[in-house]
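These protein sequence lines are chains A and B, in that order. Numbering of the first sequence is given in this note's numbering, commencing with residue 4 and proceeding in unit increments. Numbering of the second sequence is given in this note's numbering, commencing with residue 2 and proceeding in unit increments. Glycine is no exception: its CB is placed at the ideal position from the N, C-alpha and C atoms. This structure is a prediction, so every number in the text was calculated from the model and none was measured. Quick notes on the structure that follows.
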Amino acid sequence: MNFEFSDEQELLREQARGFLGEHCPPSAVRAVLDSEADHDSDLWRKVSEMGWTATVIPEEFGGLGLSYLELVVIAEEMGRSAAPLPFSSSVYLATEALLANGSTAQKEKWLPLLASGEAIGTLAFAEGEGRPSPKSLKTTVTDGKLSGRKLPVPDGRAADFAVVVASSDQGDGATLYLVDLQQDGVSRVAVRTLDFTRGHAVIEFANVDAEPLGGAGAGWAALNQLLDRAAVLFAWEQVGIAESALYQARDYAMGRYAFGRAIASYQAIKHKLAEMYVKNTLARSNCYYGAWALNTNSAELPLAAATARVGGIQAALYAAEENIQTHGGMGFTWEFDCQFYYRRAKLLSVNIGSEGFWQDRLITAIEQNNAA
Amino acid sequence: MDFSDTPQEAAFRAEAAAWLQDNVPTAEELAGLDDIAAAKLWQKRKYDAGWACIRWDKQFGGRGASPIEQVIWNQEESKYELPGSVFLIGQGMCAPTLMAWGKPEHHERFLPKLASGEDIWCQLFSEPAGGSDLAALRTKAERDGDDWIINGQKIWTSGAHYSDFGVLVVRTDPNVPKHKGLSYFFLDMKSPGIEIKPIKQLTGGANFNEVYFTDVRIPDSQRLGEVGQGWQVSLTTLMNERASIGGGGGAVNVDFAYKLANQVTIDDKPAIEDSAVRAKLADWYVQESGLRFTGYRSMTAISRGSDPGPENSIGKLVGAPKSQAMASFCMDLMEMSGAIWDENLSKEAGIVQMSYMGSPGARIAGGTDEIMANIIAERVLGMPQEPRMDKGIPFSEVPTGN
């Protein structure tokens, strides 16, 4: 049995944790929280220089050609530090969409820029409230020109291009398009979300240039494969958030005294934190499974991804919510950092589909495995 | 990262699997045997071929196997429906205590018979006044020449009625703080003065007992550890509660509930199409899968020659309440018929109902949910114990409720 990271991957984890500890301390997250900035562009430059944006991009396209096991290690640390970066949009979504669906020309144009961090990409998927389907899509393409409105688009203002999910009258009812966001006819307005440390936008497309990414009428299937891959990476970030919240709660409870003793000695607090540890451990072990399936392109990926994602959502939300509860009133203040994890955990729990969406996909994956 | 055995592990697995295939008892061989006779037949067969207690030294009946080989053997053996083991406590908890604290003559005399299944041992720890707070036990031992005289009562003793020997922790000094006044013995369960009364459980079964001691004599030569060292010896026993690695989640698992949800209907459609049903099954799948892969992580640590991390401590705390919740939910899916517990009328002869009725016991035995949560908080997260009213004062002065 060899169900563990390698020594080299553990070394990368140490390095990433140390780097983010130095360059993305809570004060850096707070700086974005307190400003109008969409993200920490200085930190983005630094992590790009570290090569993290290039992790799984093949060397022929300017990447490092490493495996997904390296990328999930970085993802966990991104979550742990609540890094205010467009990393998930650019690396887990845009890069993955290009790797899976891009023509050679599209890869040659964008992957080196994504690898170096010079370009930021994102996925423009949602069109307002509710769970999207091919039928619900109102974004359309006529004669190669795309029109529609996407809301909310994570990192929509920071991104240079978007992978846009548009309706199609062919195949599965959708087609993916690559759209340069720095062209006339694209208007982007910041949208405030509950996580002030991550920029979001509403993007209006008025008859703009768009090139198909992958086959016409193959967009819905491509999107779902993309979501499975991204779900594993998001889940690792969620595990990182959950770990930070657990240990922040633990450390506070050890130092906070009430009725003459540390509140960490009360079973009401201990059992709450033990429950966090249980959820985090289950989520982490399921994330291992997801990482394995992603890295090996396993047929089990849909099940592994949904399992990791549901566990990740639950662990991060529980830890973030109960971390504040453990802190009492101070946890509810602007001054304390508990809010970082609370904001980020909820944001990530609805980005790329809610808990209910992924619970349903998990059972669908079991049904498909049983039918096979 | 993968799930592969090393070449040595694969070779061991193949050897174990081949032996099992040829030697697992057939239904004819087991026909007419009661549970204990069936278990003894299987254990003796393993012992004769060198597959019993495989981690033990060869001289005591084992094969000197490594920890990972034990895990592999458990995995292979669990692929078969085999007689339930009545030897778990003796082999898994009493024997390691004998090895750590006993004398060579104890090892030679008792370990081979534990391995072969000739002797069955039980554990006499819990008392009416000492469950989660085990060290509050009151059964007393008084020195009389070369013997000790035991008086008191134990409770929840699994298999006391069919055991040959037992390990026993008793109070030898009530005038020192509670952990310091204990001593540890083993004894013949046929000793005069022992009375065993079965406890009928709410399931209707009676797997454990009250054991009464009236002037029971134990030779001092059957003491393990020094007088007053009983708590440390007890910890050896408790730490050897068999680590469950890669547990499947019991009979009522997601696989079972998924099949059931395909058979029963909600509003004339299969229940599995109901989004609330799907959400619940998904959550339990996350737990089952999480425990399975946590087991694989522990197994990897063992394979690499290190100890499993603390993550393995969550198994019982997740598994026992999950069994209860899943059984309850499966009964809900059957609506009014869910309440029927009848071998002929119930689905699968009533394993859902049996699981539901049995799961309160699983949430208590071997450490309650609350104690397991305390263990995680204290040993894994480093949080302090609750202040204790009995700390540092003689046991005889500790407040009691009666």
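List the residues that DSSP assigns as beta-bridge partners of A/His203.
For A/His203, which the question treats as bridged, DSSP gives the partners A/Pro157 and A/Val194.
Residue of A/Val59, A/Cys27, A/Glu73 and A/Glu63 minimising C-alpha distance to A/Ala10: Note that residue 10 of chain A is Asp in the sequence shown here, rather than Ala. Minimum Cα distance to A/Asp10 is reached at A/Glu73.
Check your understanding: CA-CA distance, B/Glu109 and B/Ala96?
Key -> 12 Å
* **Buried or exposed by the 16-neighbour rule on C-beta atoms within 10 Å, applied to A/Gly68** => Counting Cβ neighbours within 10 Å, A/Gly68 comes out exposed, since fewer than 16 surround it.
Query - Sequence-distant residues of the same chain with beta carbon closer than 7 Å to B/Val253, five excluded per side - result: Excluding its 5 nearest sequence neighbours in each direction, B/Val253 has C-beta neighbours in its own chain below 7 Å: Ser324, Met327, Ala328, Cys331, Ile352, Val353 and Ser356, listed in chain order.
Please report whether the beta-carbon of A/Trp295 lies at a distance below 7 Å from any beta-carbon of chain B.
yes
| query | Name the DSSP beta bridge partners of B/Pro271, please? | reply | For B/Pro271, which the question treats as bridged, DSSP gives the partners B/Thr266.
- Determine whether the Cβ of A/Ser288 lies closer than 7 Å to any Cβ atom of chain B. yes
With A/Ala129 as the anchor, note down where its beta strand (DSSP E) starts and where it stops. Bounds of any beta strand (DSSP E) do not take in A/Ala129, whose DSSP letter is neither H nor E.
### Task
Run down chain B in chain order and give the residues with a C-beta less than 8 Å from the C-beta of A/Ser268.
Using a Cβ-Cβ cut-off of 8 Å, A/Ser268 is close to Met384, Pro385, Gln386, Glu387 and Pro388 of chain B, given in chain order.
Partners in chain A for B/Phe4, counting only beta-carbon separations shorter than 7 Å: Met4 and Phe6
Point to revise | Interface residues of chain A facing B/Val381 [CB-CB closer than 7 Å] | key: Tyr280
By alpha-carbon positions, which one of B/Ser86, B/Ala101 and B/Glu143 ends up nearest to B/Ser117? B/Ser86
Q. Quick one, are the C-beta atoms of A/Lys153 and A/Ala127 less than 7 Å apart?
A. yes
Quiz item: DSSP beta-bridge partners for A/Gly359?
Solution: According to DSSP, which records beta bridges pairwise, A/Gly359 is partnered with nothing at all.
Under 7 Å, do B/Ile55 and B/Ala66 count as touching if we go by C-beta distance? Yes, they are a contact pair.
Discussion item. Going by DSSP, what residue range makes up the alpha helix (DSSP H) through A/Leu351?
Written reply: A/Leu351: member of the alpha helix (DSSP H) spanning Cys341 to Val353, first to last residue.
Exercise. Within 10 angstroms of its Cβ, does B/Tyr81 collect 16 or more other Cβ (buried), or is it exposed?
Worked result: exposed
From B/Ser245 to A/Leu14, what distance separates their C-alpha atoms? Residue placement at B/Ser245 is flagged as unreliable, the pLDDT there being 44, under the threshold of 50; a coordinate-derived value is accordingly withheld.
Q) Out of curiosity, what's the CA-to-CA distance linking A/Tyr280 and B/Phe88? A) 33 Å
Item to check | chain A within 7 Å of B/Glu16, Cβ atoms only | outcome: no
- Residue range of the beta strand (DSSP E) that includes A/Glu240: No beta strand (DSSP E) contains A/Glu240, which is instead part of the alpha helix (DSSP H) from Gly222 to Gly258.
**Study point:** Contact set between B/Asn375 and chain A, taken where Cβ atoms lie within less than 8 Å
**Key:** For B/Asn375, the C-beta contacts it makes with chain A under 8 Å involve Gln270, Lys273, His274 and Ala277, in order along the chain.
| query | What residues match up with B/Val170 in a beta bridge as DSSP calls it? | reply | Paired residue(s): B/Tyr185.
- Message: Taking contact to mean 3 or more Cβ pairs, one atom from each stretch, closer than 8 Å, check whether the stretch 305-320 of chain A and the stretch 281-294 of chain B are in contact.
- Response: yes
**Item:** the stretch 286-297 of chain A / the stretch 339-347 of chain A touching (three or more Cβ pairs under 8 Å)
**Value:** no
Alpha carbons only, please: which of A/Ile123, A/Asp198, A/Glu207 and A/Gln317 is nearest the one belonging to B/Ala283? Ranking A/Ile123, A/Asp198, A/Glu207 and A/Gln317 by Cα distance to B/Ala283 puts A/Gln317 first.
Check the Cβ of B/Leu318 against every Cβ in chain A and list those closer than 8 Å, keeping chain order.
Those are Ala277 and Val281, listed as they occur along chain A.
(request) Could you check what DSSP says for B/Cys331 in three-state terms: helix, strand or coil? (result) helix
| request: Would you please verify whether the beta carbon of B/Leu183 is less than 7 Å from any beta carbon of chain A? | output: no
Q) Should B/Thr401 be labelled buried (16 or more other beta-carbon atoms within 10 Å of its own) or exposed? A) Under this definition B/Thr401 is an exposed residue.
Sequence-distant residues of the same chain with beta carbon closer than 7 Å to A/Tyr95, five excluded per side: Ala233, Leu236 and Phe237
**Request:** Can you say whether B/Arg243 is buried or exposed, counting buried as having 16 or more other CB atoms within 10 angstroms of its CB?
**Result:** Because the pLDDT of B/Arg243 is 45, which lies under 50, any placement of that residue in the model is unreliable, and the number read from its coordinates should be weighed accordingly. Exposed: under 16 other Cβ atoms inside 10 Å.
query = Name the chain A residues whose beta carbon is nearer than 8 Å to that of B/Phe294?
reply = Phe6, Ser288, Asn289, Tyr291 and Tyr292
Q.
Using a Cβ distance threshold of 8 Å, determine whether the stretch 134-152 of chain B contacts the stretch 68-83 of chain B, with at least three qualifying pairs required.
A. Contact between the stretch 134-152 of chain B and the stretch 68-83 of chain B is absent, because fewer than three Cβ pairs lie under 8 Å.
**OP:** Flag B/Arg144 as yes if its beta-carbon sits less than 7 Å from any beta-carbon of chain A, otherwise no.
**Re:** no
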